[in-house]
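Chemist: In numbering that gives the first Met the number 0, the protein residues as written are 0 to 277.
Ideal placement from N, C-alpha and C gives every residue a C-beta, glycine not left out.
Small disclaimer: the values here were computed from a predicted structure and weren't measured.
Provided herewith is a single structure, encoded as structure tokens, for subsequent inquiry.
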Amino acid sequence: MLDQTLEPLRAVIARHGLSADKRLGQNFLLDSQLLDRIARVPGDLTQKTVYEVGPGPGGLTRALLKAGAKVTAVERDRRCLPALAELSAHFPDQLQVISGDAMEIDEAAVLGEHVHIVANLPYNVGTALLIRWLTAKTWQPWWSSLTLMFQKEVAERITAKVGTPHYGRLSVLAQWRSEAKLSFPVHRSAFVPPPKVMSAVVHLTPKDQPEGLSLGTLEKITAAAFNQRRKMLRQSLKNIEHMMEALELAGIDATRRPETVSVAEFIAIGRHWEKLSA
Ligand SMILES: C[S@@+](CC[C@H](N)C(=O)[O-])C[C@H]1O[C@@H](n2cnc3c(N)ncnc32)[C@H](O)[C@@H]1O
Numbered sequence: 000m001l002d003q004t005l006e007p008l009r010a011v012i013a014r015h016g017l018s019a020d021k022r023l024g025q026n027f028l029l030d031s032q033l034l035d036r037i038a039r040v041p042g043d044l045t046q047k048t049v050y051e052v053g054p055g056p057g058g059l060t061r062a063l064l065k066a067g068a069k070v071t072a073v074e075r076d077r078r079c080l081p082a083l084a085e086l087s088a089h090f091p092d093q094l095q096v097i098s099g100d101a102m103e104i105d106e107a108a109v110l111g112e113h114v115h116i117v118a119n120l121p122y123n124v125g126t127a128l129l130i131r132w133l134t135a136k137t138w139q140p141w142w143s144s145l146t147l148m149f150q151k152e153v154a155e156r157i158t159a160k161v162g163t164p165h166y167g168r169l170s171v172l173a174q175w176r177s178e179a180k181l182s183f184p185v186h187r188s189a190f191v192p193p194p195k196v197m198s199a200v201v202h203l204t205p206k207d208q209p210e211g212l213s214l215g216t217l218e219k220i221t222a223a224a225f226n227q228r229r230k231m232l233r234q235s236l237k238n239i240e241h242m243m244e245a246l247e248l249a250g251i252d253a254t255r256r257p258e259t260v261s262v263a264e265f266i267a268i269g270r271h272w273e274k275l276s277a
């Protein structure tokens with residue numbers, strides 16, 4: 000169905016009385032050029048399965064449907080369902096809407112494999128969802144790419160390189176499991192209502208074979224190291240048994256600070272520590 004046959008989003012929002020609800024992290028995007036740009040980030044979506052969290056009035060959903068994707072969208076705000084049902088009628092067999100909480104969906108069971116996740120995420124659950132997707136139990140995971148809007152500061156933390164100010168726990172986790180790129184920034188004025196902070200779109204693709212390590216080990220080490228990011232590793236990690244030996248075996252100078260330790264080095268420390276602790 001052609002875009003011009005669709006009612007403008009502003010009119011849809013007004014007709015359905017979809018005033019933004021802060022508690023649900025609602026900041027809507029209405030600019031169709033920007034929405035099309037986001038939908039292009041994962042590449043050609045023709046006939047691809049896309050999972051959208053929080054379609055709201057359906058701006059990004061429209062862009063994804065126009066790009067030829069088969070979209071499954073989960074929305075918590077029941078007020079949005081009639082508007083989404085109209086969109087579904089415009090794009091027959093392309094849109095399935097689930098009324099519910101994205102934190103409670105068994106995604107692999109509902110969606111299958113090779114899914115592209117594209118979402119302007121509610122800020123209150125965005126990081127939790129990302130961590131859930133990055134820590135999928137089976138790898139390769141059920142998703143093929145993540146294209147996600149975050150607050151700019153969170154986007155910078157996800158994609159930060161070692162030695163830069165935003166590099167921390169989230170960077171190590173994200174880059175252990177995926178290639179993470181900041182695609183482009185999005186000005187706060189693009190949203191209705193505008194949030195207080197700037198945003199950015201990130202794009203993540205899963206690594207084929209991330210180094211074998213338990214998530215618990217990586218979390219334990221990075222939590223202790225980055226909780227005291229100004230301290231040397233010998234100070235911040237000293238209370239974890241066998242850790243000094245693990246540093247030595249990994250060839251890491253214990254006087255280094257955590258932001259200088261690369262993802263590969265954290266993994267090497269973790270692997271030695273796991274052997275020593277077995
Ligand atoms: C930032 S808005 C984005 C809306 C729309 N996709 C857009 O780009 O204009 C976030 C959306 O996520 C929905 N939402 C919030 N928490 C949710 C949850 N736990 N599960 C599913 N949807 C949720 C909100 O109701 C809202 O529609």
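Is Arg131 close to ligand 2? I mean its beta-carbon at under 7 Å from any heavy atom of the ligand.
Modeler: In the structure shown, ligand 2 is absent; the only ligands present are ligand 1.
Chemist: By DSSP, does Trp272 sit in helix, in strand, or in coil?
Modeler: Locating residue 272 in the sequence shown gives position 273, where the first residue counts as 1. Trp272 falls in the helix class under three-state DSSP.
Chemist: Would the beta-carbon of Val161 fall within 8 Å of that of Thr221?
Modeler: Within the sequence shown, the letter at position 162 stands for residue 161. Within the sequence shown, the letter at position 222 stands for residue 221. Going by C-beta atoms, Val161 is not nearer than 8 Å to Thr221.
Chemist: Identify, in the order they occur along the chain, each residue of the same chain with its Cβ nearer than 8 Å to the Cβ of Leu212, setting aside the five sequence neighbours on each side.
Modeler: As a working note, residue 212 is residue 213 in the sequence shown. The answer, listed in chain order, is Trp175, Ile266, Gly269, Arg270 and Glu273.
Chemist: Pick out whichever of Gln46, Ala253, Pro54 and Lys47 has its Cα sitting closest to the Cα of Leu8.
Modeler: Along the sequence shown, read from residue 1 onward, the residue named residue 8 stands at position 9. Cα-wise, what sits closest to Leu8 is Pro54.
Chemist: Candidates Asp252, Met243, Leu133 and Val124: which alpha carbon is nearest Gly24's?
Modeler: What you label residue 24 is simply residue 25 of the sequence shown in a count that begins at 1. Answer by Cα proximity: Val124.
Chemist: Can you determine whether any heavy atom of ligand 1 sits closer than 7 Å to the C-beta of Val73, and answer yes or no?
Modeler: Your numbering for residue 73 matches position 74 in the sequence shown. Yes, ligand 1 has a heavy atom inside 7 Å of this Cβ.
Chemist: According to DSSP, is Ala72 part of a helix, a strand, or is it coil?
Modeler: For the purposes of this step, residue 72 is taken as residue 73 along the sequence shown, with counting starting at 1. Three-state result, Ala72: strand.
Chemist: Please determine if the segment 190-210 and the segment 227-236 are in contact, where contact requires at least 3 C-beta pairs separated by less than 8 Å.
Modeler: no
Chemist: Quick check: Gln93 and Val73, are their CB atoms within less than 8 Å of each other?
Modeler: The residue you call residue 93 lines up with position 94 of the sequence shown. The residue you call residue 73 lines up with position 74 of the sequence shown. It is not a contact, given that the beta carbons lie outside the stated cut-off.
Chemist: Do you know offhand how far Lys180's Cα is from Leu120's?
Modeler: As a first step, residue 180 is located in the sequence shown; it is residue number 181 there, counting from the start. As a first step, residue 120 is located in the sequence shown; it is residue number 121 there, counting from the start. Lys180 and Leu120: Cα-Cα distance of roughly 17 Å.
Chemist: I need the DSSP call for Ile97, collapsed to helix, strand or coil.
Modeler: Mapped onto the sequence shown, residue 97 falls at position 98. DSSP places Ile97 within a strand segment (E or B) once states are collapsed to three.
Chemist: Looking at Ala277 and ligand 1, is the gap between the Cβ and the nearest heavy atom below 7 Å?
Modeler: The sequence position of residue 277 within the sequence shown is 278, counting from 1. No.
Chemist: Taking just the CA atoms, how far does Trp141 sit from Arg39?
Modeler: Here residue 39 refers to the residue found at position 40 of the sequence shown. Here residue 141 refers to the residue found at position 142 of the sequence shown. Cα-Cα distance, rounded: 21 Å.
Chemist: So is the beta-carbon of Val70 under 7 Å away from any non-hydrogen atom of ligand 1?
Modeler: Walking along the sequence shown from the start, residue 70 turns up at place 71. Val70 Cβ: outside cutoff for every heavy atom of ligand 1.
Chemist: Extract the residue ranges of the beta strand (DSSP E) inside the segment 185-268, only unbroken runs of 3 or more that lie entirely within it.
Modeler: 198-205
Chemist: Would you report the Cα separation of Arg187 and Ala154, rounded to the nearest angstrom?
Modeler: Taking the first residue of the sequence shown as 1, we reach residue 187 at position 188. Taking the first residue of the sequence shown as 1, we reach residue 154 at position 155. Between Arg187 and Ala154, the C-alpha separation is close to 14 Å.
Chemist: How big is the Cα-Cα spacing for Ile97 and Asp105?
Modeler: Within the sequence shown, the letter at position 98 stands for residue 97. Within the sequence shown, the letter at position 106 stands for residue 105. Their Cα atoms are separated by approximately 12 Å.
Chemist: Going by the beta-carbon positions, is the gap between Ile116 and Trp132 smaller than 8 Å?
Modeler: The residue you call residue 116 lines up with position 117 of the sequence shown. The residue you call residue 132 lines up with position 133 of the sequence shown. Contact flag set, yes.
Chemist: If we count the other Cβ atoms within 10 Å of its Cβ and call it buried at 16 or more, is Pro278 buried or exposed?
Modeler: In the structure as shown, the chain starts at 0 and stops at 277, and residue 278 therefore has no counterpart that could be examined.
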